[in-house]
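In our numbering, the protein residues as written are 99 to 350.
First comes the structure, then the notes that go with it.
Shown next as structure tokens:
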């Protein structure tokens, strides 16, 4: 495994994130892999003022470089690229390009409904930093639909917050038995797709990993999810290598 020399700047890069957000995890994984010390700033899910002041809208992740004369930067892959193409932060191009494999994309797409149904209600039962207060949870439920609703109908329709919360609670209590077997079947299918614990595609750690591992981290929250040996080893390896914790000890 590649271990890069630790990079510690006088004023640490700040990454504004939500813990549950896979796009935010991409940046944390890249910085961890490159061994760049950074400050993770967790925003409440209902905090509109902080991201708007930085970037003009509610979005995450956002990179702020206190040492640099540069605007705050959004977009997870742009942030990863910023660190991996700048010699200040260790060897450049350490993260290989995405291979263009379609099997991972298809795998994720096939699970979209299943994962929304299994992860979104569970986030609401956690003590993740963005959901520490009820307003943060309410903001999430207000804006994140559950199947079979489309986003527009959920956000702009005439459902009350009580209705939405009822659907979230019902999903957790009654839908797990329906969707968990689908997830476990998909995890079995994923195992042979992963090349090694160090890299999901042949050729070394790449943007394939930046995306895949970030999505698998969300799944580690689900009690009863069955991770085949190869998938579990891959997840655990990068948890340690990148210093980004998985949710094994807080499964719901």
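Glycine included, each C-beta is placed from N, C-alpha and C at the ideal position.
Keep in mind it's a predicted model, so treat the numbers as computed, not measured.
When you compare each of the options to residue i by their alpha carbons, which one comes out closest?
i, options, result
"residue 284", "201, 167 and 179", "201"
"residue 282", "336, 320, 266 and 142", "320"
"residue 130", "169, 236 and 188", "188"
"residue 127", "146, 349, 336 and 158", "336"
"residue 183", "177, 191 and 176", "191"
"residue 106", "135, 246 and 121", "135"
"residue 221", "261, 209, 207 and 267", "267"
"residue 294", "334, 261 and 168", "334"
"residue 208", "154, 280, 112 and 138", "280"
"residue 116", "138, 110 and 166", "138"
"residue 176", "110, 305 and 257", "305"
"residue 178", "232, 301 and 160", "160"
"residue 342", "324, 350, 322 and 314", "314"
"residue 348", "225, 186 and 148", "225"
"residue 166", "111, 253 and 205", "111"
"residue 186", "104, 324, 169 and 205", "104"
Please state if the CB of residue j and the CB of residue i are separated by a distance shorter than 8 angstroms.
i, j, result
"residue 180", "residue 133", "no"
"residue 359", "residue 292", "In the structure displayed, the chain extends from 99 to 350; residue 359 sits before or after that span and is not available."
"residue 326", "residue 286", "yes"
"residue 259", "residue 240", "yes"
"residue 312", "residue 118", "no"
"residue 114", "residue 162", "yes"
"residue 158", "residue 171", "no"
"residue 289", "residue 328", "yes"
"residue 174", "residue 229", "no"
"residue 249", "residue 243", "yes"
"residue 217", "residue 245", "no"
Assuming residue i contacts residue j under a Cβ cut-off of 8 angstroms, what Cβ separation, rounded to an integer in Å, is found between them?
i, j, result
"residue 299", "residue 197", "5 angstroms"
"residue 219", "residue 278", "Wrong, their Cβ atoms sit about 13 angstroms apart, outside the cutoff."
"residue 303", "residue 223", "Contact flag wrong, Cβ pair sits at about 33 angstroms."
"residue 143", "residue 237", "5 angstroms"
"residue 309", "residue 297", "The Cβ separation is near 13 angstroms, so there is no contact."
Would you call residue i buried or exposed, if buried means 16 or more other Cβ atoms sit within 10 Å of its Cβ?
i, result
"residue 255", "exposed"
"residue 124", "buried"
"residue 203", "exposed"
"residue 164", "exposed"
"residue 155", "exposed"
"residue 262", "buried"
"residue 318", "buried"
"residue 340", "buried"
I'd like to know whether the C-beta of residue i is nearer than 8 angstroms to at least one C-beta of chain C.
i, result
"residue 158", "The question asks about chain C, but that chain is absent: this structure has only one protein chain."
Checklist entry - Which residue spans inside the region 240 to 326 form an unbroken beta strand (DSSP E) run of at least 3? => result none
Checklist entry - Considering only residues of the region 189 to 247, which uninterrupted alpha helix (DSSP H) runs meet the minimum length of 4 residues and lie entirely inside it, listed in chain order? => result 200 to 208, 210 to 221 and 232 to 241
Checklist entry - What are the uninterrupted segments assigned as beta strand (DSSP E) that are 3 or more residues long and contained completely in the region 120 to 185, given in chain order? => result 137 to 140 and 160 to 162
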